[in-house]
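Only one structure is covered here, and it is reproduced in the block below.
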Amino acid sequence: MQLLLQQESDSAQYYEMLNSILCRYMQQCTDSHITFHADIRSRTMDFIADNDLTSLFCNLLDNAIAAAGIVPDSFIEINTSKHEKTSFVVITVINSCRKNPFSGKGRQLSTDKTDKIRHGFGLKSIHKTVSKYHGNMQMYYNDDTLTFHTIITLKQQEL
């Protein structure tokens with residue numbers, strides 16, 4: 000019984016932390032006139048350590064806000080889901096994006112940021128977290144809808 004109470008307390012703290020992250024970004028979106036929609040399904044992210052969860056979502060949302068913030072009537076959608084009968088969790092982020100960011104050398108992501116030296120640490124952090132959880136990440140730009148898509152699949156670990 001004590002173990003169940005502790006587990007419930009940990010779960011409540013976990014969702015409180017995730018909620019505070021999302022609320023911070025919701026406020027940034029409101030300030031930037033970006034429509035923000037989040038659908039984080041219950042118990043989909045329980046296996047991810049708090050520091051990894053913070054790194055993953057903060058970097059994903061920082062990048063999405065940077066891209067969407069310069070587009071009129073922009074939006075950001077973030078979703079998590081667990082596919083039934085599998086151990087995989089899917090995170091998707093779709094955001095408004097004025098131009099294709101894959102215009103750099105070798106179709107690599109390029110940046111408009113003035114500080115090019117410090118650019119890319121967020122994306123490296125996302126890759127590190129995805130790798131840690133035996134995941135895969137795909138990113139693409141849709142020219143028709145002017146949207147950037149990030150799809151992350153993570154293998155859910157046993158709790």
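Per numbering that gives the first Met the number 0, numbering through the sequence shown is continuous, rising by one, with the last residue being 158.
All C-beta atoms, glycine included, are put in the ideal place defined by N, C-alpha and C.
Quantities reported herein were computed from a predicted structural model and do not represent experimental measurements.
The beta carbons of Gly134 and Ile151 sit about 6 Å from each other, so the pair counts as a contact at 8 Å. The alpha carbon of Leu60 has as its nearest neighbour, out of Gln156, Lys154 and His148, the alpha carbon of His148.
Annotation for Lys81: the continuous beta strand (DSSP E) segment containing it runs Phe74 to Lys81.
Residue state for Lys131 is assigned as helix, using DSSP reduced to three classes.
Here Phe101 carries a coil assignment [DSSP, helix/strand/coil]. Ser41 is positioned such that its CB atom lies no closer than 8 Å to that of Ile64.
Assigned with DSSP and collapsed to three states, Thr146 falls in strand.
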